[in-house]
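Quick notes on the structure that follows.
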């Protein structure tokens, strides 16, 4: 598996700086317009809580008009004051949703600009010489072969069938450096809307028009395809039930009140305006108003991390994941091994070994090769020198060695087995002492690179995997949160065990084949775990499809992307940790707002109940613990507080509650204190303050 | 630090602590026994014979739908039987006093009342029912309704203890075992103790005695001791006599008073232990027990302190309500002298917590705050609660709490290792909704009915409390009455009867469904990232959610009843 490597241990990537990535905040006029447009009954019907407020606003408007004509439910001025704030409540909720959508909208606009209709050159045969004819990109069929030359835009998603080209994918990834796309292997997938910079490729179209990656992205960021997630549905049921209970409480209050007037002989029954005000204050308006904003914001936070989720469901599942399958290379270790030590064979001078290794690596441009030069320079101050008449031997899959022939010396370096075969073939001896060192090195989690000169084994260069800094602490945090980390690697058992221990993962899978990976995921799932993984190769696809949260690298194959429910545009496997974070944060935000919303009700009761019944039973004035000015100001204060709290908490809904990696019990304590206890106290203060402001008007 | 505790408060503590201590001791024994009877694979001879006669396959693993249907239909059949006997009483032989048949609405109310474990009585026992009716309708339905509740709790718990199962067990087996292995043995032993304490157990209808004044008096007798056992152990509560457990034949000694309370608390409290044992998480059972106990102690303290304080309006009239050597003091209106404020408060707290409805004092005569606490326990319906249903209600709230709190830790909520999703939430909310819908809905209808005010003994907020109490008592399947409401009218008989049926089956059946859905789910393994439910924090949160949601639902109604009454009492206006 090949992966683009990220040098930071922290997976949270900063958004790329290009114009497309920075979702420009939607303008306030647009948000206001959207908020008004969402007043249509069809939109309001979708959310039971908001629909009740909406209906209440309409009824109180009618009552206000009726009051103007003389005989009203209450003084017209009071009814209109309540009515205005009820409408504000609805508009604030709409505005919060529009604001959340607006962030995605700007992004979608930028994406749409790249999705131009182009004329594709469809080939009869997948060869450059084949006859071709032009077809508009939106009429392409799956399986068609399209020729794309340098400077042209790739008309549709697909796989490279023939050729190699550098492609500018900045429109999607925000990454300005071009990437190589070639036929076969893991770099074969291309995305419609991206541009070929050099050379040419023949692409086999794999997505129907309108279903391409870009289309999916636009639909996602616009929220058009947003369907409710399981947790959101369950929460909506809870909110609907609570709304029903409070509807019942308020509806029955009128008969109770009339009956009390009857048997008490004094006072007057509670008015409809007051009942509507009470109802709107009691039903969970805060979470009802912000619920969809929270979900949309979750999606756009993913977007901000440069991860494209195919559904909100996937984001939610990310919060529940409790097993992370992490690829060793790129995620746990820096992609490149580094030479750390020379082990000379018995009778060989260490400096001689270092010099030989240095010379054998002169032509080796791989990071490993360069690290050998660096190490030789550091220990023995051996400087790179120009060698004349030298003949370099490049690495080949057949010999699995590389080296140099110079001054009659035949210097080679390679894996132990390759060098053993090499020296034994030309009559040398691969001694037991060397074999023991090779084993020792492997046991430490390092790789042994054996250096030979002709038939003589000079010694071993120890190449070490460098574990990213800070990972051990991060994995410990994950463990405290109940998330298990499993390292997956193609290395042998010894190496894998050593690296796993160094990185502090809970478990590892060594010598992993794609089948092993799939089996491992199935086993975890059978135990009830939810598994997240990253992948990019074709052979990763089955495992990706099986995993609960599968993040494909954008640099990877089309098959991997199809099998995944998220695509990381940065192709950074460490991103998995951020994905989990965003998922958890989204659910936490919902929980915090729900708790806050319900905790608020206590204070609202103490504002409205005494105000509503004080006409019948003046003694109930004792419940006016906030000492609010008058029944009218008390009711209006509660309604205003209820509306303003939506505005106050909109930023929280959009940015999510503060997230910490902590065990569940600590998280619960903290959030309960902030949103539960805080939710009980805040409205007492808020309503009192609003009442003080209103006092001059009553 | 030396703290002076007044003598009467010390007495109060000395009297309730042993009751709760003995209850806690019994929780372990009875809890283990119930867990065993719900999980044991072997059937006894008597049970095998019963299954054969009834044609029941004891090995059947019923889906929740079938389990619920078996429960509902068998209850319907038994209710119908009870209704017929009550309607035909006049024509059945064997009653020397030839008591009349009940009217259709009264018979409906009575049959609904006893099949739902409510035992609200719109009639006066000794005047209205023959000994045959007392046994074949009342005692029979008392037994089977209690067995229904406990069996349902067994099936419910079994559902929660299973993973990936299509069923939750056999209702017939649960019902039969509860009857044979739990209720009958317990009642048999208890009845012998009661007879020893002087409670009558005879098939004679009455004795005629000559009083000290020389007049002749008819004293009603009957199979009272057996009636008293299932009345309390089954958290039933209807009285053999009109004045219920205040009658010397129903409650002759301090020991019987204590046994009555222990009997009421026995199964509801022990089910927590059985629950913990069956789901293989004993601490969870104990934390639920702790939640019950904490709420109970809170309400008990509220009742006792309100009653102890007495009625301030009596002070200017020269009435001494202070405790002293010669009297217990406090608000003695409607209380037996032999029980005093302490035993009456304790009994009232127990009977409304365990939704029994047996009374040894008149709840209508409690101070407004005392009455508020009695109403409160029934409105919550899960402070111990009735046999079986109390635990089920508590678990419903636990799932609700898990859902609210679970999201705050950033995961889809989980309960007992299973995810809580939309389907369960739907059923839980249905169960949670049914209770206030019945209480508030019927109270509102009664408030609108023009005839209601005529049934009231008191005007003002106390009159409203009487109506509210009737529907709270009916819906919570408690059965105690705020005496004063003349409830034997077609309107009240019908609506209170309906409230009992709704309160029973619309909370029980959805929760059976929850158990069925949870049983079919796969395991979600626990980790430090899972919300632990067997912790003091979660238990405190559970209690807060119960009190907050109960408070939010009923506060406006309570404000127009006991709360304003209390405020008016302080201001010098009695009702």
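Protein chains in written order, with this note's numbering: chain A, 529 to 1226; chain B, 35 to 609. Every residue gets a Cβ at the ideal spot worked out from N, C-alpha and C, and that includes glycine. Computed from a predicted model, the values in this text were never measured in an experiment.
- Residue 1079(A) is not a Cβ neighbour of residue 771(A), given a cutoff of 8 Å.
- For a cut-off of 8 Å, the C-beta gap from residue 716(A) to residue 697(A) is around 14 Å, too long to register as a contact.
- Fewer than three Cβ pairs drawn from the segment 512 to 529 of chain B and the segment 177 to 192 of chain B lie within less than 8 Å of each other, which leaves the two stretches out of contact.
- Around the Cβ of residue 556(A), a 10 Å sphere holds fewer than 16 other Cβ atoms; the residue is exposed.
- Residues 201 of the same chain have their beta carbon placed closer than 6 Å to that of residue 95(B), with the five preceding and five following residues left out of the count.
- Here residue 1081(A) is bridged, per DSSP, to 1096(A).
- Residue-level contact check: residue 1001(A) does not touch chain B, since none of the beta carbons of chain B fall below 8 Å from its beta carbon.
- With a threshold of 16 other beta carbon atoms within 10 Å, residue 460(B) meets it and is buried.
- Fewer than three beta-carbon pairs drawn from the segment 1188 to 1201 of chain A and the segment 1126 to 1137 of chain A are found closer than 8 Å, and the two stretches are therefore not classed as touching.
- Residue 728(A) has its alpha-carbon roughly 59 Å from the corresponding atom of residue 1172(A).
- Judged by DSSP secondary structure, residue 244(B) falls within the beta strand (DSSP E) whose first and last residues are 240 to 244.
- Between the segment 169 to 178 of chain B and the segment 416 to 430 of chain B, the count of Cβ pairs shorter than 8 Å is below three; the stretches do not touch.
- Per DSSP, the continuous alpha helix (DSSP H) segment holding residue 815(A) begins and ends at 813 to 832.
- Within the segment 815 to 828 of chain A, not one residue has a Cβ closer than 8 Å to any Cβ of chain B.
- DSSP, read as helix, strand or coil, puts residue 760(A) in helix.
- Judged by DSSP in its simplified three-state form, residue 516(B) adopts coil rather than helix or strand.
- The alpha carbon of residue 591(B) has as its nearest neighbour, out of 413(B), 349(B), 121(B) and 355(B), the alpha carbon of 413(B).
- Membership of residue 67(B) in the alpha helix (DSSP H) is indicated by the continuous run 41 to 73.
- Nearest neighbour of residue 190(B) by Cα position, chosen from 353(B), 326(B), 549(B) and 315(B), turns out to be 549(B).
- Residue 382(B) and residue 288(B) have their C-alpha atoms spaced approximately 15 Å apart.
- The continuous alpha helix (DSSP H) containing residue 1117(A) extends over residues 1103 to 1141.
- Contact residues of the segment 49 to 63 of chain B toward chain A are absent (C-beta to C-beta distance below 8 Å).
- In the structure shown, residue 593(A) adopts helical secondary structure according to DSSP, grouped into three states.
- In chain order, 561, 562, 563 and 564 make up the part of chain B whose C-beta sits under 7 Å from the C-beta of residue 1010(A).
- The segment 941 to 961 of chain A makes contact with the segment 982 to 991 of chain A, as at least three CB pairs between them are under 8 Å.
- Within the model, the alpha-carbon separation for residue 503(B) versus residue 530(B) is close to 11 Å.
- Chain-order list of chain A residues neighbouring residue 405(B): empty, with the shortest C-beta distance near 16 Å, by a criterion of under 9 Å.
- Residue contact check for residue 471(B) against chain A: a CB pair falls below 8 Å.
- A direct Cα-to-Cα measurement between residue 563(B) and residue 198(B) gives close to 23 Å.
- Close partners of residue 442(B) in chain A (Cβ separation under 8 Å): 1116, 1119, 1120, 1123, 1195, 1196, 1199, 1200 and 1203.
- Look at residue 196(B): its C-beta is not under 8 Å from any C-beta on chain A.
- The segment 112 to 129 of chain B and the segment 145 to 165 of chain B touch, with no fewer than 3 CB-CB distances between them shorter than 8 Å.
- Going by DSSP, residue 664(A) is part of the beta strand (DSSP E) stretching over 660 to 664.
- For residue 611(A), the closest alpha carbon among the candidates 806(A), 937(A) and 903(A) is that of 806(A).
- Bounds of the beta strand (DSSP E) holding residue 694(A) are 686 to 696.
- Annotation for residue 594(B): 495 and 498 place their beta carbon closer than 8 Å to its own, counting only its chain and skipping 5 residues before and after.
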